[in-house]
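Okay, so here's the structure we're looking at.
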Amino acid sequence: MEGAISLGVGEPDFCTPWDVRNAGILSLRKGYTQYTGNRGMDELRELISRYLAERFGAEYSPGQIIVTVGASEGIDLALRAICDTGDEILLPDPAYVSYAPIVTLCGGTPVCVPCRAEENFALTPQAVEKKITKKTKAIVLAYPNNPTGGVMTKEQLLALAPVLVKHDLLVISDEIYAELTYGARHCSIASLPGMGERTVLLGGFSKSFAMTGWRIGFACAPKEIDAAMLKIHQYTTLCAPRVSQYAAIAALKGGFEDGFSSVEQMRAEYDRRRRFLVEALRAAGLSCFEPRGAFYVFPSVEATGLTGEEFADALLVSEKVAVVPGSAFGACGKYHVRCSYATGMGELSEAVKRIGRFLGKISRDVGK
């Protein structure tokens, strides 16, 4: 739609850092265009192992790491490796759109655990325990969360861990937004005592290093699950692109050398946009949870009398601002919309003006 502003796409508006791009260019110039081993390049897996240990306290050896085509492939591999027909997989609700469909494709049954704004959209031990049955195989943790921006603190994870151990559940922890938290460092559940041995940790370079189009991620898993994931990976994907692996090596090497300054700069800019958008939406009259991670806000539109889908459709037609209906991420998102702030301040400023104008129209219509 001509003239539309999109707050819908979850993609950094930053360009991949030059040294990372240049590493990819040099690999092509040198003719490094062949397959790599199924797991990925040794150097990259060694760097990923070091990165996880030093940044998040998660200990996985290079032999437990598979370089994947984005974290999305990692999600698919993990669920295919563990999911038998009839298995129940617990998912936070709201959460990323692909989890439930992949569980279904694997023959499993997705079971959604409601997450509420008043509980900071975190999974609570009580809510999880209510959903566990004899068929429950695993739980997906998706924090920092897309679409809510919610995080789970170390204290919250420590409270949840005994429930997972008690019921012998596997954990698939999607930590693609691990570098994008505000106010406190991300805590990986794999770093907690006794949890690494039952956790598949997924991550990547798309969000933290502005490398979405390079399609490069990683999956780390306990030995037996890792073996099954590798078998699926080698028969379906073979390996991640070599050029992207060279770029990822440069991203991590450069990060260790300069203290991950490019990541810090992006996070600081996202934080500025986050605070601006939350304040602007609240000032416009929407109830808005303050996100602590990722680059989304998830305001409630219930006070307008519209569902998130109705609100998104009307806003696009009326003011040419695109947001995502919260129902796309689960039933608990019915009266919410997701707005991404991975876009420039100029567009954000104009978008909130239009949203404010739209809310004024709704208010006048209700008054009539």
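In the numbering used here, each number is its position in the sequence shown, counted from 1, plus 1.
Cβ atoms here follow ideal geometry from the backbone N, Cα and C, with glycine treated the same way.
The continuous beta strand (DSSP E) containing F219 extends over residues 218-221. Sixteen is the threshold: since fewer than 16 other Cβ atoms of the shown chains lie within 10 Å of the Cβ of T34, the residue is exposed. The Cβ atoms of F219 and V68 lie closer than 8 Å to each other. I103 is positioned such that its CB atom lies no closer than 8 Å to that of L124. CA-CA distance, I217 to A252, rounds to 11 Å.
DSSP places V201 in the uninterrupted beta strand (DSSP E) bounded by 200-205.
Fully enclosed beta strand (DSSP E) runs of no fewer than 3 residues occupy 66-69 of the region 3-85, in order along the chain. Judged by DSSP in its simplified three-state form, G327 adopts helix. Here the alpha carbons of L158 and C221 stand approximately 19 Å from one another. When the alpha-carbon of G38 is set against those of S364, L231, E156, the nearest one is in L231. Within 10 angstroms of the beta-carbon of N23 lie fewer than 16 other beta-carbons, which makes it exposed.
In this structure, L203 lies near S174, with their beta-carbon atoms less than 8 Å apart.
Annotation: the continuous alpha helix (DSSP H) that includes L282 extends over 262-285. With a cutoff of 8 Å on beta-carbon distance, N146 and P111 are scored as not near each other. For E176, there is no enclosing beta strand (DSSP E), as DSSP marks it with neither H nor E. By the C-beta density criterion, T182 is buried, having at least 16 other C-beta atoms within 10 angstroms.
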